[in-house]
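Participant:
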Amino acid sequence: ELVTHVVPSARLALQRHTELLQRDKTRRGNFEKLLTGALNADLISSIG
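Mapped onto full-length UniProt numbering, the consecutive letters of the sequence shown carry residue numbers 1 to 48.
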């Protein structure tokens with residue numbers, strides 16, 4: 001009987017963790033794009 005309660009909770013926890021990892025990956029990608037854009041803008045402004 002305990003298993004019937006634990007398994008759904010474990011599945012939900014795994015799903016939430018997977019979602020968290022995906023959001024973190026997306027956030028990191030967006031931050032890298034932001035930094036790249038800012039660095040390129042700084043480089044262009046320092047050249048021009």
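Ideal placement from N, C-alpha and C gives every residue a C-beta, glycine not left out.
Note that the structure is predicted; figures quoted are calculated from it, not measured.
When the Cα atoms are used, what is the spatial distance from I47 to L34?
Facilitator: Residue 47 sits at position 47 when you count from the first residue of the sequence shown. Residue 34 sits at position 34 when you count from the first residue of the sequence shown. Whole-angstrom Cα-Cα distance: 20 Å.
Participant: Where does E1 sit, in a helix, a strand or coil, going by DSSP?
Facilitator: In the sequence shown, the residue the question calls residue 1 occupies position 1. Here E1 sits in coil by DSSP.
Participant: In angstroms, rounded to a whole number, what distance separates the CA positions of A13 and V6?
Facilitator: By one-based count along the sequence shown, residue 13 stands at place 13. By one-based count along the sequence shown, residue 6 stands at place 6. Near 10 Å, if we compare the C-alpha coordinates of V6 and A13.
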